[in-house]
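A.B. asks: Before anything else, here's the structure in question.
Numbering (the working numbering), first residue to last: 9 to 195.
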């Protein structure tokens with residue numbers, strides 16, 4: 009192997025000029041990053057809890073639909089209640105995804121890369137900087153807000169033309185915002 013093809017030597021910290029107190033302090037400071045594991049663990053638990061709650065909500069909607077059609081009853085606002093329940097569950101699933109992305113991102117940024125995820129086809133959970141984590145979280149949070157908006161819109165009574173105009177304007181504003189969010193993202 010020629011001199012130009014040799015691998016670079018690993019950089020080792022220069023500890024010769026450090027005092028013992030400085031080495032102990034820096035070691036303790038570096039090890040304190042493991043407190044991030046608390047946020048990682050509880051983010052995962054929160055995400056799992058949200059997945060369970062959303063799944064139970066969907067199950068309740070399915071049971072309600074089944075009972076309605078078996079008993080040949082069609083209550084008032086039946087379709088709005090079904091759609092609202094499903095949209096609420098989607099909202100909870102999205103919030104669970106926020107918790108998972110946050111937990112995975114913190115782990116990769118402060119503790120270690122997740123080696124088992126390297127061979128996977130999806131790179132959505134790979135986070136290499138705080139800006140990447142922030143961008144991924146912001147996009148999912150915006151989607152949570154959009155879904156929450158549509159859930160609230162289902163139960164809003166419209167009594168005049170000005171209210172319908174506000175409704176149309178809010179949909180236009182959401183569409184423009186989503187367009188710019190998508191346009192600014194990495195593809």
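A virtual CB, placed ideally from N, CA and C, is assigned to each residue, including glycine.
Near residue 174, what residues of its chain come up, given a Cβ to Cβ distance below 7 Å and the 5 sequence neighbours on each side ignored?
C.D. replies: The answer is none, since no qualifying residue turns up.
A.B. asks: Measure the Cβ-Cβ separation of residue 33 and residue 104 and say whether it is below 7 Å.
C.D. replies: No, they are not a contact pair.
A.B. asks: With a threshold of 16 other CB atoms inside 10 Å of the CB of residue 107, please say whether the residue is buried or exposed.
C.D. replies: It counts as buried.
A.B. asks: What whole-angstrom Cβ distance do residue 69 and residue 114 have, given they're in contact under 8 Å?
C.D. replies: So it is not a contact: roughly 33 Å between Cβ atoms.
A.B. asks: To the nearest whole angstrom, what separates the beta carbons of residue 147 and residue 180, a pair I think is in contact under 8 Å?
C.D. replies: In fact, because the Cβ distance is near 20 Å, the residues do not count as touching under 8 Å.
A.B. asks: What would DSSP say about residue 27, mapped onto helix, strand or coil?
C.D. replies: It is coil, neither helix nor strand.
A.B. asks: Could you tell me the alpha carbon to alpha carbon distance between residue 123 and residue 111, rounded to whole angstroms?
C.D. replies: When rounded, the distance between both Cα atoms is 16 Å.
A.B. asks: Tell me the rounded alpha-carbon separation between residue 84 and residue 65.
C.D. replies: Taking the straight line joining both Cα atoms gives about 20 Å.
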